[in-house]
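Have a look at the structure below, then the notes.
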Amino acid sequence: MSQAIQETSSYRVLFEAFAEVLRGREPAWMTRLREGAFERFEKLGFPTTDDEEWKYTNVAPIARHNFHPAQGMIDARLLDPFLQGEADQKSRLVFVNGAYRPDLSTLELPEGVVAADLRESLAGEHELLLRRHLAGSGEYEMDAFRSLNTAFMDGGALLFIPKGVRVETPIRLLFLSAPASEDAASFPRVVVVAERESEATIIESYAGVEGAPTYLTNAVVQVTVGEGARLTHYKVQDEGARAFHIGATRADVGRGSFYDLTTITLGAQLSRHGIEVVLDEEGAECAVDGLYLVGTGQHADTHSLIDHRKAHCTSRQNYKGILDGKSRAVFNGRVFVHKDAQQTDAVQSNKNLLLSPEARVDTKPQLEIYADDVKCAHGATVGQLEEEELFYLLSRGLHMELARNLLTYGFAEEIVEKIKIDSIRAQLDGAILNRLGARLEA
Numbered sequence: 052m053s054q055a056i057q058e059t060s061s062y063r064v065l066f067e068a069f070a071e072v073l074r075g076r077e078p079a080w081m082t083r084l085r086e087g088a089f090e091r092f093e094k095l096g097f098p099t100t101d102d103e104e105w106k107y108t109n110v111a112p113i114a115r116h117n118f119h120p121a122q123g124m125i126d127a128r129l130l131d132p133f134l135q136g137e138a139d140q141k142s143r144l145v146f147v148n149g150a151y152r153p154d155l156s157t158l159e160l161p162e163g164v165v166a167a168d169l170r171e172s173l174a175g176e177h178e179l180l181l182r183r184h185l186a187g188s189g190e191y192e193m194d195a196f197r198s199l200n201t202a203f204m205d206g207g208a209l210l211f212i213p214k215g216v217r218v219e220t221p222i223r224l225l226f227l228s229a230p231a232s233e234d235a236a237s238f239p240r241v242v243v244v245a246e247r248e249s250e251a252t253i254i255e256s257y258a259g260v261e262g263a264p265t266y267l268t269n270a271v272v273q274v275t276v277g278e279g280a281r282l283t284h285y286k287v288q289d290e291g292a293r294a295f296h297i298g299a300t301r302a303d304v305g306r307g308s309f310y311d312l313t314t315i316t317l318g319a320q321l322s323r324h325g326i327e328v329v330l331d332e333e334g335a336e337c338a339v340d341g342l343y344l345v346g347t348g349q350h351a352d353t354h355s356l357i358d359h360r361k362a363h364c365t366s367r368q369n370y371k372g373i374l375d376g377k378s379r380a381v382f383n384g385r386v387f388v389h390k391d392a393q394q395t396d397a398v399q400s401n402k403n404l405l406l407s408p409e410a411r412v413d414t415k416p417q418l419e420i421y422a423d424d425v426k427c428a429h430g431a432t433v434g435q436l437e438e439e440e441l442f443y444l445l446s447r448g449l450h451m452e453l454a455r456n457l458l459t460y461g462f463a464e465e466i467v468e469k470i471k472i473d474s475i476r477a478q479l480d481g482a483i484l485n486r487l488g489a490r491l492e493a
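Residue numbers (our numbering): 52 to 493.
Below, the structure is given as structure tokens:
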């Protein structure tokens, strides 16, 4: 028996039981989609470090666990810390262990805007919209984790912003994990459709309750940005210390539109975020930025593809990493410029700050260009705090640890200042300060 079969065979029984529960409760096309995705998962098996895309991230710890779909509710009082202080977020959908919690959700949205549970949407008036974006996406063919998500997706959200509508307040999707037992898994799928000339801000957050056992979040997000639309998208990953988080985001960006993605990686023992932005019509623009803050025992992997398919498109990518203790980070950013994508303007940057001699980062920015009239640049740095800057602060009377902490925060400030949502900026400030405080106590 091959290793791939050994690693995936335990999911066959789970899938058959899961499919039986859903039989008759969802459209036939969805059943076929699940079955095809699971067959693809069995064929692919979990990726190994022999796969170029996973060369620096070993998912064997995930493959060794017998994860099962999370079940059961939880005392809402345990969730209070995650639901307070959200004054700037009047519209939110809350999911606990993969299940939608309408009792914890609030919606104040303009007429025509849809923010709904994926399961309810499949059985309701939005089935055709979801079929167009789910059945036609081919997401499950990409890799084993996307296949597994498609096979088991049950919770998640549909966000639809109609033509010409501007949503003034952010829409938050909050995915909380509070598993009652080891090896629970959730498979959220989010579908976002911003029609022509619309505008909205989305916050996609993941968190685990304190002391949560080992669990897996395997999330896929599909975004469509229509002509002339503007979509701002924040992803904040602050899973529990024993969690695994595998995420994938795909955005198709239309003519003259702008997609602005900022990702913040704070939690999980092992995390991976695969990002694909397709600039498929002239004049499309994107900004893809992020910060990963990792400490001892953490491994954070970011893979991105900015796919320039048509002329006169612009992309900006700026990622920063702060690594402390015995930690590991991976950044692989690829900009692909097709032959017809003349007058492309693309810039990519990855900078990393190592606060410990045991921290390690593998960074690989890539440009693949097949057009001859382009303006493209990329670069990566890995280093420690600048001695000259430290000396300057020390000469002004600051003690060493305070000087180091100020410089560390200053390194992250470019990403922090970009965030326009007060609660996210405060969360990130707190995470950086807590990490620096832990260094002071060590």
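Idealized CB from N, CA, C, for every residue including glycine.
Taking a contact as a CB-CB distance under 8 Å, the pair A251 and L209 does not count as one, their CB atoms being some 13 Å apart. Distance from the CA of L155 to the CA of G207, rounded to the nearest whole angstrom, comes to 15 Å.
Judged by their CB atoms, Y343 and T316 are nearer to each other than the 8 Å cut-off.
A residue is called buried once 16 or more other Cβ atoms fall within 10 Å of its Cβ, and H450, having fewer, is exposed. If the five residues before and after A258 are omitted, its C-beta is found closer than 6 Å to the C-beta atoms of F133, L227, D289, all from its own chain and listed in chain order. Fewer than three beta-carbon pairs drawn from the segment 213-229 and the segment 85-105 are found closer than 8 Å, and the two stretches are therefore not classed as touching. Assignment of R63 by DSSP, reduced to helix, strand and coil, places it in the helix class.
Residue state for V218 is assigned as coil, using DSSP reduced to three classes. Annotated three-state conformation of E93 is helix, per DSSP. Annotation for Y370: the continuous beta strand (DSSP E) segment containing it runs 365-374.
Secondary structure remark: continuous alpha helix (DSSP H) runs of at least 4 residues inside the segment 185-258, in chain order: 195-203. If only uninterrupted beta strand (DSSP E) runs of at least 3 residues are considered, those enclosed by the segment 266-305 are 266-276, 281-289, 295-304. Around the Cβ of Q478, a 10 Å sphere holds 16 or more other Cβ atoms; the residue is buried. Under the 10 Å beta carbon count, A319 is surrounded by 16 or more other beta carbons and is classified as buried.
For Y460, the closest C-alpha among the options E192, I373, R281 is that of I373. Under a 10 Å Cβ-count criterion, E171 is classified as exposed, with fewer than 16 other Cβ atoms of the shown protein chains found around its own Cβ.
With a contact defined as Cβ atoms closer than 8 Å, V398 and R367 qualify at about 5 Å. The beta carbon of F118 sits closer than 6 Å to those of D234, A236, L267, all from its chain and outside the five residues before and after it, given in chain order. The straight-line gap separating the alpha-carbon atoms of T275 and R63 is approximately 32 Å. Secondary structure note for R170: it is in no beta strand (DSSP E), and the uninterrupted alpha helix (DSSP H) holding it is 169-173.
A454 and S308 have their C-alpha atoms some 42 Å from each other.
According to DSSP, G75 shares a beta bridge with no other residue. Contact check for G384 and N401: beta-carbon distance about 6 Å, within the 8 Å limit, so the pair qualifies.
When the five nearest sequence neighbours on each side are left out, the beta carbons in the same chain lying within less than 8 Å of the beta carbon of L160 are those of S142, A166, V218, I222, in order along the chain. Sorting P120, L179, E438, R293 by C-alpha distance to the C-alpha of N200 places P120 at the top. Bridge pairing for S474: absent [DSSP]. If the five residues before and after F146 are omitted, its C-beta is found closer than 6 Å to the C-beta atoms of G206, F226, all from its own chain and listed in chain order.
Closest in C-alpha terms to D331, from the list C427, G175, T365, D413, comes T365.
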